[in-house]
Amino acid sequence: MVLIQYFILILCFASVLPKSINISNRGESDTQPFIEIGSKYYLINAAVEMNWFNAMLYCRNYDSDLAVIESEAEMNALSFYLTTNEGLVGLYFWLGVTDLAEEGKFMSLKDGRPMLYARWLKGQPDDAGQNEDCVHLWAFDNIFLMNDNNCMGYFHTICELRQSK
1465 MVLIQYFILI LCFASVLPKS INISNRGESD TQPFIEIGSK YYLINAAVEM
1515 NWFNAMLYCR NYDSDLAVIE SEAEMNALSF YLTTNEGLVG LYFWLGVTDL
1565 AEEGKFMSLK DGRPMLYARW LKGQPDDAGQ NEDCVHLWAF DNIFLMNDNN
1615 CMGYFHTICE LRQSK
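Under our numbering, the letters of the sequence shown match residues 1465 to 1629, in that order.
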């Protein structure tokens, strides 16, 4: 219950932060430190581990959200980038997907809708210990897959730059 209250408090705080930025006519310097992978811009923080809530706030500081993978093409592009860049394969990365509101119903933090795409590790999500409510990426046989984990775990972060509507 305390975890859900903490989550609601963070969402309320996050709603007063700056709104979306327009990246449609931006030059390369306008998207720094984000990198283009597939059709989106990401900030991959492989230096610092943090819990899911702090990862969400970290991304908000860059006017972005925790990444939400919405298609197989996006998953493949991100997975390819992570597996071909030295030192990233052994790391876990938080995504902006959670089932904190309703167990088993994974929702996008970005827009509050059900997650559009999932590539779960075999046997996942399993809600082990009945406290795995946040989704992260991890490499299994050099392929990044999704897993549910305790939101208070310390993992790395992938932020997704907001796109204009």
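For every residue, glycine included, the Cβ atom is placed at its ideal position computed from N, Cα and C.
Residue span of the beta strand (DSSP E) that contains residue i, given as start and end
| i | result |
| --- | --- |
| Tyr-1506 | 1504–1514 |
| Phe-1608 | 1607–1613 |
| Glu-1566 | Premise fails: Glu-1566 is in no beta strand (DSSP E) and is neither H nor E. |
| Ile-1622 | 1619–1625 |
| Glu-1500 | 1499–1501 |
Straight-line gap, residue i to residue j (C-alpha atoms, nearest Å)
| i | j | result |
| --- | --- | --- |
| Thr-1495 | Asn-1515 | 25 Å |
| Asp-1563 | Glu-1538 | 22 Å |
| Asn-1486 | Glu-1567 | Reliability fails at Asn-1486, whose pLDDT of 33 lies under 50, so the model's placement of it is uncertain and no value is given. |
| Ala-1541 | Leu-1601 | 13 Å |
| Gly-1593 | Tyr-1618 | 17 Å |
| Val-1532 | Pro-1497 | 18 Å |
| Asp-1611 | Asn-1525 | Looking at the sequence shown, residue 1611 is not Asp but Asn. Approximately 25 Å, taken between the alpha carbons. |
| Glu-1513 | Cys-1623 | 13 Å |
| Asp-1597 | Asn-1613 | 6 Å |
| Ser-1488 | Leu-1625 | In this predicted model, Ser-1488 has a pLDDT of only 36, less than 50, meaning its place in the structure is not dependable; the value taken from the coordinates is given anyway. Approximately 12 Å between the Cα atoms of the pair. |
| Cys-1615 | Ala-1565 | 13 Å |
| Met-1571 | Val-1599 | 10 Å |
Pick from the options that is closest to residue i, judged by C-alpha positions
| i | options | result |
| --- | --- | --- |
| Leu-1507 | Phe-1570, Ser-1572, Leu-1555, Leu-1530 | Leu-1530 |
| Thr-1511 | Gly-1593, Phe-1557, Tyr-1581, Leu-1521 | In the sequence as displayed, the identity of residue 1511 is Ala instead of Thr. Comparing Cα-Cα distances from Ala-1511 to each of Gly-1593, Phe-1557, Tyr-1581, Leu-1521, the minimum goes to Phe-1557. |
| Thr-1547 | Phe-1608, Arg-1626, Tyr-1618 | Phe-1608 |
| His-1620 | Asp-1575, Phe-1517, Ala-1582 | Phe-1517 |
| Phe-1604 | Glu-1500, Leu-1552, Leu-1580, Met-1520 | Leu-1552 |
| Asp-1575 | Tyr-1522, Asn-1606, Gln-1627 | Gln-1627 |
| Lys-1504 | Trp-1584, Ser-1528, Tyr-1581 | Ser-1528 |
Endpoints, the alpha helix (DSSP H) within which residue i is located
| i | result |
| --- | --- |
| Ala-1582 | Run containing Ala-1582: none; DSSP gives neither H nor E here. |
| Asn-1540 | 1536–1548 |
Burial state of residue i, where buried means 16 or more other Cβ atoms lie within 10 Å
| i | result |
| --- | --- |
| Leu-1569 | Looking at the sequence provided, one finds Lys at residue 1569 rather than Leu. When all chains shown are included, Lys-1569 counts as exposed. |
| Lys-1586 | exposed |
| Gly-1560 | buried |
| Pro-1578 | exposed |
| Pro-1589 | buried |
| Asn-1595 | exposed |
| Ser-1543 | buried |
| Leu-1573 | buried |
| Ser-1535 | exposed |
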